[in-house]
Amino acid sequence: MDKKNKTLGEFIIENQSSFQYSSGELSKLINAIRLAAKVVNHEVNKAGLIDILGTAGDTNIQGEDQQKLDVLANEKFIQTLKNREIVCGIASEEEDDFISINSNDEQNQNKYIVLIDPLDGSSNIDVNVSVGTIFSVYRRVTPVGTPVTIEDFLQPGENQVAAGYIVYGTSTMLVYTTGDGVNGFTLNPAIGTFYLSHPNMQFPETGKIYSVNEGNYIHFPQGVKDYIKYCQQEEGDRPYTSRYIGSLVSDFHRNMIKGGIYMYPKSSIASDGKLRLLYECNPMAFLAEQANGKASDGRSRIMKLKPTELHQRVPFFCGSAKMVEKAEEFIAKALK
Ligand code: AHG
Ligand code: MN
Ligand code: MN
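Just so you know, we're using the numbering used here here: the sequence shown kicks off at 96 and counts up by one.
What follows is the structure in structure tokens.
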């Protein structure tokens, strides 16, 4: 078959056997995420129309339609995963605690738990700028057929069996890995089908883009300030270009294609930065490493960290390997 015509559905079936625990369950889970992505895509696309449609029609626009899009995305993802009876637990940025599914049902033999950031970059919703969804999948560590516990969710990133994101951009893409490289699929909205458009995605070894909220510069640690100055210096291929969308998914996606580094450092006003380890940094780190890039907290590999809390924050430096190494070098030097 012509590679360009391959759909996500076909790709999932073809690659099922290459996955180490190929019981078909993970394939079903990716399929459920594919469906949820389409549902959320539909909601995101009509975001700007809700008021217009609401006043034009007779329907009551109280309730669902008026909910914030991140709450709506959260509901759609959780509902889709629940309906398909495919996971035993879900944790989300929008939920204080994890959700146990069919926890008292001994028949529930589902092995996987999912962590999601249902709507990433929510400050961009109202201004028609790209947003995303991030997901991370683990095998539970407690026995199947028993209720999931916090232990199932607090696993180091290196235990992930799949991770990915959806970017609702000029086109909608689903990008994911099951530990065998990173592949990107673009949605044809006319027929609601994802096509393999970006096989085997790779971060260029180095790049010319740095992405950081420089408004926080004054609060950054000295090493990060030094690295930013390095990016701006005129020497060799520098100064680099600054690009910051404020949606991790979109900034990551651009940097993976063009080469670059994304940074959300700790600061004097946020001691662990802002991003969440479990459903933002770990999945992005897994994707980065699978695409020849790197992800670090400034000192160590993100995926090595042992989480202690569901909504834990962590400083994040992620992107082209050489650039992440350079940032780590500056951070280490400033601490000496
Ligand atoms: P979320 O919308 O899920 O809360 O995540 C927003 C995150 C991330 O996507 C983005 O890169 C970062 O917050 C932007 O933060 P600042 O506005 O502080 O730069
Ligand atoms: Mn987010
Ligand atoms: Mn979010």
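Even glycine gets a Cβ: it sits at the ideal position worked out from N, Cα and C.
Since this is a predicted model, take the numbers as computed values, not measurements.
| query | result |
| --- | --- |
| Any non-hydrogen atom of ligand 3 closer than 8 Å to Glu188 Cβ | yes |
| Check whether Gly216 and Val419 have beta carbons under 9 Å apart | no |
| Residue from Asp392, Gly264, Asn197, Leu382 with nearest C-alpha to Gly318 | Asp392 |
| Pro316 versus Met358: straight-line alpha-carbon distance, rounded | 12 Å |
| Validate contact between the segment 266 to 278 and the segment 122 to 137 using beta carbons, cut 8 Å, 3 pairs | yes |
| Contact test: Leu405 Cβ vs ligand 2 heavy atom, cutoff 8 Å | no |
| Whole-number beta carbon distance between Gly355 and Val409, since they are thought to touch under 8 Å | In fact, because the Cβ distance is near 20 Å, the residues do not count as touching under 8 Å. |
| Proximity test, Gly341 beta-carbon vs ligand 2 heavy atom, cut-off 8 Å | no |
| Cα-Cα separation between Ala131 and Thr175, rounded to whole angstroms | 6 Å |
| Beta-carbon proximity check, Val58 vs Lys101, cutoff 9 Å | As displayed, the chain neither begins before 96 nor continues past 431, which places residue 58 out of reach and without an answer. |
| Extent of the continuous alpha helix (DSSP H) run through Ala383 | 377 to 385 |
| Contact belief for Leu103 with Phe289 at Cβ below 8 Å, rounded distance in angstroms | 4 Å |
| Thr265 classed as buried or exposed, judged by whether at least 16 other C-beta atoms fall within 10 angstroms | exposed |
| Delimiting residues of the beta strand (DSSP E) encompassing Ile211 | 207 to 215 |
| Which listed residue (Val222, Asp212, Phe193) has its alpha carbon closest to that of Leu144 | Val222 |
| Bridge-paired residues (DSSP) for Asn278 | Tyr271 |
| Leu210 Cβ short of 8 Å to ligand 3 heavy atom set | no |
| Pair within 9 Å by beta-carbon distance, Leu210 and Val226 | no |
| Range covered by the beta strand (DSSP E) that runs through Ser391 | 388 to 391 |
| Beta-carbon proximity list for Lys66, same chain, < 8 Å, skipping 5 on both sides | With the chain running from 96 to 431 in the structure shown, residue 66 is simply not present. |
| Closest residue to Ala422 among Arg371, Ala390, Val243, Thr336 (Cα-Cα distance) | Ala390 |
| heavy atom of ligand 2 below 8 Å from Ile220 C-beta | no |
| Distance CB(Asn278)-CB(Phe106) smaller than 9 Å | yes |
| Nearest residue (CA-CA) to Arg385, options Phe193, Gln297, Lys428, Val232 | Correcting the residue type first, residue 385 is Gln in the shown sequence and not Arg. Ranking the options by Cα distance to Gln385, first place goes to Gln297. |
| Unbroken alpha helix (DSSP H) run spanning Tyr374, endpoints | Where Tyr374 is concerned, there is no enclosing alpha helix (DSSP H), given that its DSSP letter is neither H nor E. |
| Pairwise C-alpha distance: Tyr207 and Arg237 | The question names Arg, but residue 237 in the sequence shown is Thr. Using only the alpha carbons, I get a separation of about 11 Å. |
| Secondary structure, alpha helix (DSSP H): runs of 4+ residues fully inside the segment 292 to 342 | 317 to 327 |
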